[in-house]
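Residue numbers (full-length UniProt numbering): 1 to 442.
Glycine is no exception: its CB is placed at the ideal position from the N, C-alpha and C atoms.
Source: prediction; values computed, not measured.
Structure record follows, encoded as structure tokens.
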Ligand code: S3P
């Protein structure tokens with residue numbers, strides 16, 4: 001899964017975003033559709049599946065665990081569910097590429113199996129913290145070996161039965177919550193997870209859609225083990241995290257007028273819209289019918305003068321993946337934007353506070369970082385060279401800055417864009433971004 005090429009983007013200034021598009025399917029929901037479809041009873045038909053490297057890594061791992069899956073064919077999958085106890089031992093390590101969601105959710109799902117599984121990934125994933133899931137799972141009776149540093153490779157051994165846990169998460173993380181809930185499906189009795197801040201609830205919604213009882217009130221989520229999931233159709237909405245690049249691009253580039261169709265508008269994911277609107281952005285929402293327990297709508301965005309804001313800390317988990325591009329919006333805003341309570345950004349695919357600050361500084365934007373956030377002052381964006389450090393969202397965020405920069409922006413380390421947004425360059429060019437990509441062998 002490690003990229004053998006160093007893709008570079010070059011964006012020339014000018015241009016605006018105009019058109020009517022649908023960005024690819026939601027990454028979080030695509031992972032869960034494969035995982036829950038695999039352990040359901042019956043055939044799950046998925047439409048709108050994201051054919052990006054991360055969700056494809058989950059799919060390949062499920063096949064290695066003995067699940068027959070047809071597709072994807074233009075986003076359509078047919079998963080022949082094996083039931084909660086039907087997974088089988090993989091022949092070798094499961095390579096989860098760049099995908100933290102795959103690794104953490106698989107930890108929960110595999111903790112209660114009767115076979116050994118080894119989880120590995122690319123250089124970035126092998127550096128990411130896994131103790132946040134192995135520690136609560138160990139308290140449930142799971143046997144998981146990690147490195148001294150608490151990182152992958154992870155070896156998940158058969159456990160002598162899992163017990164329940166009442167777990168107060170130390171950080172607001174949907175991946176940790178989901179890992180514990182998935183392990184809870186295999187434990188006797190009721191497992192409870194309490195979150196310190198509201199995080200995305202796709203696991204809870206999809207379990208419910210599969211007929212599995214989940215209780216969720218005021219930041220506490222409960223499941224009891226020993227139930228069953230019944231297969232059914234799943235429509236994956238367009239990913240709001242991918243739409244976010246276009247929302248910001250059209251908000252900052254004069255002359256833009258962009259419609260984004262079928263975007264997932266789960267209340268635990270719409271922080272990016274709330275933050276942009278508070279900054280003055282003009283985003284209209286037309287709700288559509290909900291698909292598979294997830295609300296969906298059409299967004300229309302036109303340019304507006306933006307101003308800096310203090311981002312409320314309780315909105316941070318609701319926009320956790322959108323900060324790279326929100327920093328581009330803040331760079332184009334009048335005045336100061338402050339973000340606090342966002343230390344989780346330091347342990348994503350890259351240290352997103354450090355990497356964004358490095359790139360913004362190279363483009364002449366004033367940024368000051370702190371352990372848990374940053375302060376930036378909007379102003380002109382110069383052309384220049386930046387490095388995405390193999391982080392898909394950093395690459396796409398800087399590409400949008402090219403709309404308003406006063407010279408070309410060259411971005412290196414962009415190959416991982418395919419993890420979440422295959423076809424980004426083509427779609428962005430189609431609506432007016434002056435972008436080209438060059439592959440350089442490494
Ligand atoms: C995700 C949860 C978030 C997010 C990630 C996807 C998920 O991670 O950043 O891209 O699908 O559960 P954390 O739970 O670590 O915040």
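One residue after another in chain order, those with a Cβ under 5 Å from a heavy atom of ligand 1 are 28, 101, 173, 174, 175, 320 and 321.
The segment 242-252 and the segment 34-41 do not touch, with fewer than three beta-carbon pairs separated by less than 8 Å. The way I'd put it, the segment 90-109 doesn't touch the segment 309-329; fewer than three beta-carbon pairs between them come closer than 8 Å. The segment 112-128 and the segment 196-206 do not touch, with fewer than 3 CB-CB distances between them shorter than 8 Å.
The beta carbon of residue 262 lies closer than 6 Å to those of 22, 237, 238 and 296 in the same chain, with the five residues before and after it left out.
When the Cα atoms are used, residue 415 and residue 188 turn out to be separated by approximately 44 Å. Cβ neighbours of residue 76 within its own chain (closer than 8 Å, five residues either side excluded): 45, 46, 47 and 49. Residue pairing by DSSP places residue 191 opposite 223 in a beta bridge. Annotated as distal: residue 171 and residue 130, with beta-carbon spacing of 8 Å or more. Residue state for residue 47 is assigned as strand, using DSSP reduced to three classes. Inter-residue distance for residue 286 and residue 327 is about 26 Å (C-alpha atoms, whole angstroms). Put simply, of 174, 106, 298 and 19 the residue whose alpha carbon is nearest the alpha carbon of residue 318 is 174. Rounded to whole angstroms, residue 426 and residue 218 show a C-alpha spacing of 42 Å. Within the model, the alpha-carbon separation for residue 258 versus residue 167 is close to 43 Å.
Boundaries of the beta strand (DSSP E) around residue 155: 154-157. DSSP places residue 389 outside both helix and strand once states are collapsed to three, so it counts as coil.
In the structure shown, the three-state DSSP call for residue 301 is strand. Judged by DSSP secondary structure, residue 100 falls within the alpha helix (DSSP H) whose first and last residues are 100-110. When C-beta atoms of the segment 352-359 are compared with those of the segment 428-437, fewer than three pairs fall below 8 Å, so the two segments do not count as touching. In the structure shown, residue 413 adopts coil according to DSSP, grouped into three states. The beta carbon of residue 59 lies closer than 7 Å to those of 34 and 69 in the same chain, with the five residues before and after it left out.
Distance from the CA atom of residue 396 to the CA atom of residue 226, rounded to whole angstroms, is 43 Å.
Straight-line measurement puts the Cα of residue 105 at about 7 Å from the Cα of residue 182. Judged by DSSP in its simplified three-state form, residue 404 adopts coil rather than helix or strand. By the neighbour-count criterion, in which 16 or more other beta carbons inside 10 Å mark a residue as buried, residue 201 falls on the buried side.
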